[in-house]
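For any residue, its number in our numbering is found by taking its place in the sequence shown, counting from 1, and adding 2.
Positions of the beta carbon are idealized from the N, C-alpha and C atoms, including for glycine.
Just so you know, these numbers come straight off a predicted model, no measurement behind them.
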Amino acid sequence: MSPSNLESRFQTLHEIVRAANLALAPGPWDYLAGGTETETTLRRNRQALDSIAFRPRVLRNVSKIDSTSTLFGRKVRIPVMIAPVGSVETFEPGGGATAAKASAEFEVPQMLSSVCNPGLEAVAAAADNFRIFQLYVRGDDAWVDEHVKRARDNGYAAFCLTVDTATYSRRERDLARRFVKPWRARATGQEFQAALNWDHVKRFKDLHNIPLILKGIATAEDAALACDHGVDGVYVSNHGGRQLDHGRGSAEVLPEVVAAVNGRATVIVDGAFMRGTDIVKAIALGAQAVGLGRLSCCGLAAAGQAGLVRVFELLEEEIRICLGLLGVNRLSALDASYLHPASPVRPAHVTSAFPLLDEEGY
3 MSPSNLESRF
13 QTLHEIVRAA
23 NLALAPGPWD
33 YLAGGTETET
43 TLRRNRQALD
53 SIAFRPRVLR
63 NVSKIDSTST
73 LFGRKVRIPV
83 MIAPVGSVET
93 FEPGGGATAA
103 KASAEFEVPQ
113 MLSSVCNPGL
123 EAVAAAADNF
133 RIFQLYVRGD
143 DAWVDEHVKR
153 ARDNGYAAFC
163 LTVDTATYSR
173 RERDLARRFV
183 KPWRARATGQ
193 EFQAALNWDH
203 VKRFKDLHNI
213 PLILKGIATA
223 EDAALACDHG
233 VDGVYVSNHG
243 GRQLDHGRGS
253 AEVLPEVVAA
263 VNGRATVIVD
273 GAFMRGTDIV
283 KAIALGAQAV
293 GLGRLSCCGL
303 AAAGQAGLVR
313 VFELLEEEIR
323 ICLGLLGVNR
333 LSALDASYLH
343 PASPVRPAHV
353 TSAFPLLDEE
363 GY
């Protein structure tokens, strides 16, 4: 577990986000940073996290702190996952393959989007990592079955269906830039995603012997239904604020989902998680892992594989510091007793977790 070679260049996460902004043209940056329509859901993701304060305990032995965790029975170095993002090659030419190498190097899982190059086989060949495959449904049952087989044949440990994209949203930053993602230009079969329903979930569980995750759960009711159908992973997400406008922030949704799941499935969450403190909050609320989308892409855009590894190194340090100051020496000791409602101290936006960027004009 040797450190990356970027310690002197990137001593803070905000420096990585700044480098990504400088490296990307306006179109790709707005694709990364933007949400749908008024971007209310995007801002509420951050606001929900900023509305949680800590309740630290003192005079506890925190001389040794363990920030490792497990996901689907496999050990991970910190409880994060590279979230599925379409067209990652927009930010780094190697796309999903480069992310896979960083995943293997730092020992955290990668969830690969089905609309990310160079494709599931090439990404699997790039690194011996903990990998999960995420699918947008663009074909019939046989088409889905083929993707399950390909994923299993190539060592993917679980399979994910995204369930919050029945229709494609209006992402106005992209529209205003006239920026078209590569996969959108060739996309067909949206009607299959629109028709996706609980019968398809039942069929999947009846036929396929691979853990199934549903990504895009936003209510206790759907979390309970997922568990009733035997789903293995409930992924709380609003697509980073990029689908339904005026939704709730993921951290606000998480407690009701955890209660509805009641230990019957693994709970994953994403949505504006940018700091080690954010990840600690998610674990204290009952999640097992946190998906990193925008932050992972910033690492890739800033410095490729090494940039993404540096993101993980800095998060690991922030998590370790947070645990120690909370009086906790391992993640499993966290619960909601370490949290308290609070009022945010600044307006929320996509990079408001990095106040130094505001001072620099980003």
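Whether residue i touches residue j by CB criterion (8 Å)
i    : j    : result
D166 : G36  : no
G251 : G273 : yes
N240 : V64  : no
T169 : A197 : no
I321 : V282 : yes
P5   : E315 : yes
N119 : G98  : yes
F56  : L333 : no
V125 : A291 : no
T38  : R172 : yes
A85  : K103 : no
Sheet register partners of residue i (DSSP bridge)
i    : result
Y237 : K217 and I270
G293 : M83
K77  : T72
T164 : K217
Q112 : I84 and R133
I54  : P343
Contacting residues, own chain, Cβ-Cβ under 6 Å from residue i (five flanking each side not counted)
i    : result
F93  : C299, L302 and A303
R312 : S6, L8 and F12
N47  : G243, G251, S252, G273 and A274
E91  : G97 and N119
A21  : A304
Backbone secondary structure at residue i - three-state DSSP
i    : result
T72  : strand
A196 : helix
L341 : strand
A129 : coil
Q245 : coil
R205 : helix
R332 : strand
C118 : coil
T92  : helix
V352 : coil
F314 : helix
Y33  : helix
M3   : With a pLDDT of only 48 at M3, under 50, the local geometry of the prediction cannot be trusted, and the value read off the model is given with reservation. Three-state DSSP puts M3 in coil, outside helix and strand.
N63  : coil
A253 : helix
H210 : coil
L287 : coil
Cut-off 7 Å between Cβ atoms - residues of its own chain near residue i, not counting five sequence neighbours on either side
i    : result
T100 : E94, L302, G306 and Q307
V263 : A225, C229, V236 and V269
V19  : C300, T353, F356 and L359
A338 : A286 and L287
Local Cβ density within 10 Å of residue i, reported as buried at 16 or more and exposed below that
i    : result
T279 : buried
G293 : buried
T190 : exposed
G75  : exposed
W31  : buried
V115 : Checking the sequence, you will find Ser at residue 115 rather than Val. Looking at its Cβ environment, which holds 16 or more other Cβ atoms inside 10 Å, S115 is buried.
Residues near residue i in its chain [Cβ-Cβ closer than 8 Å; skip 5 each side]
i    : result
A25  : A303 and A304
H347 : His is not the amino acid found at residue 347; the sequence shown has Val there. Here the set comprises D52.
E123 : R152 and N156
Q49  : G251, P346 and A350
V78  : T70, S71, T72, E109, V110, P111, F132 and A291
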